[in-house]
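This is the structure we're talking about:
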């Protein structure tokens, strides 16, 4: 049974974020935060004391509970599904572990053609049913209060985890494959693009009202490498989900030099990190696209007057132009004071309210 969309008038949190994605006028600038559900919230820490991250993701009721925690606590204008970008890799045949103090560890990394060949692309209904059920639960619990954003990892970021076997500072093995074995790289990227497109489409069919592609580490690439080795696959993903009619957001960090290329992905919204001024970033993206960002996450540790100064600067650079979604330039850090996060939401709404 299909869920009915809430009737929206452009003046409620049920509608504000989606209108901004489409560059339509809004009553105030919408706000949400990457990693808005996480360790900085006591409610989340209480759940993590009893469950691992993978256990939460595997239990739709827990994933839904964590997703919903920031909505009333912060007053944000969108919810984002609680999951992990590496979840779809497990049903592809990847041995993934979240090791204490190390983050994700992949015990069977992809290093050669045979490793790529063994990866199996599966439909999300079969591969990640818990994620899709979480989406359905969240939509029911939200009851039209705010939209739900689904997400997936971008192809370069996911590939880098697969190749390196975990986190990396320099992406040596990843770039080595890109340069020395481009045919293996392209085969891997094609599989990841196919998997990601199906995964996002599954989330949309389950009820996600927008989706974001987190290619968090793509800023490690030069524009030449991004254009040749990553952009075609991002375009493939976006082209697959765009006909489903929900806004698509692309995001990465350290991407000031990549923004003009990211604008050609076909996405509706381009995320901008804090390393470039919002107005400069928007000019590089082009004003025919919405933008999202771009407060430095560490500003949330500052005194209120300093937070206000940064928020006002970003809003001034947005200039009241339709299509700005206020967010951080990356995710909320674990020790962030919750009251400061809520203060930013209230401040943005107050300063931009009509």
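Residue numbers (my numbering): 15 to 368.
Cβ atoms here follow ideal geometry from the backbone N, Cα and C, with glycine treated the same way.
Remark: C-beta atoms of residue 338 and residue 66 do not approach each other more closely than 7 angstroms. Here DSSP, grouped into helix, strand and coil, assigns residue 284 to strand. Apart from sequence neighbours up to five positions away, the residues of its chain that approach residue 111 with a beta-carbon distance below 6 angstroms are 119, ordered along the chain. The three-state reading of DSSP puts residue 329 in helix, counting H, G and I together. Here the alpha carbon of residue 124 sits roughly 14 angstroms from the alpha carbon of residue 181. Beta-bridge partners of residue 118 (DSSP): 112. Looking at the DSSP output, residue 226 bridges to 165, 263. Taking 8 angstroms as the upper bound for CB-CB distance, residue 74 and residue 148 are in contact here, some 4 angstroms apart. Taking a contact to require three or more Cβ pairs closer than 8 angstroms, the region 31 to 40 and the region 77 to 86 do not qualify as touching. Residue environment for residue 178: buried (at least 16 other C-beta atoms within 10 angstroms of its C-beta). Rounded to whole angstroms, residue 219 and residue 164 show a C-alpha spacing of 11 angstroms. Under the three-state reduction of DSSP output, residue 342 falls in the strand class. For residue 304, the enclosing beta strand (DSSP E) has its first and last residue at 304 to 306. In this structure, residue 269 lies away from residue 216, with their beta-carbon atoms at least 7 angstroms apart.
For residue 204, the three-state secondary structure derived from DSSP is helix. The beta carbon of residue 136 sits closer than 6 angstroms to the beta carbons of 105 from its chain, once the five residues preceding and following it are set aside; these are given in chain order. The beta carbons of residue 226 and residue 161 sit no closer together than 7 angstroms. Setting aside the 5 residues that flank it on each side, residue 175 is surrounded in the same chain by 100, 118, 120, each with a C-beta closer than 7 angstroms to its C-beta; the list follows chain order. Counting only runs of 4 or more residues that sit fully inside the region 59 to 114, the alpha helix (DSSP H) segments are 67 to 72, 74 to 88, in chain order. Under the DSSP assignment, residue 39 falls outside any alpha helix (DSSP H); it carries neither an H nor an E label. The beta carbons of residue 265 and residue 228 sit closer together than 7 angstroms. Cα atoms of residue 159 and residue 260: separation of roughly 17 angstroms, rounded to the nearest angstrom.
Spanning the alpha carbons of residue 254 and residue 211 requires a straight line of approximately 6 angstroms. In this structure the region 197 to 207 touches the region 124 to 134; the number of beta carbon pairs closer than 8 angstroms is three or more. Put simply, of 213, 47, 238, 54 the residue whose alpha carbon is nearest the alpha carbon of residue 192 is 238.
Annotated as proximal: residue 132 and residue 107, with beta-carbon spacing under 7 angstroms.
When rounded, the separation of the alpha-carbon atoms in residue 298 and residue 278 is 11 angstroms. In terms of Cα proximity to residue 249, the closest of 309, 97, 144, 282 is 282.
Excluding five sequence positions before and after residue 70, the CB atoms of its chain that fall closer than 8 angstroms to its own CB belong to 61, 62, 76, 77, 80, 96, given in chain order. When 353, 303, 348 are compared, the shortest CA-CA separation from residue 48 is found for 348.
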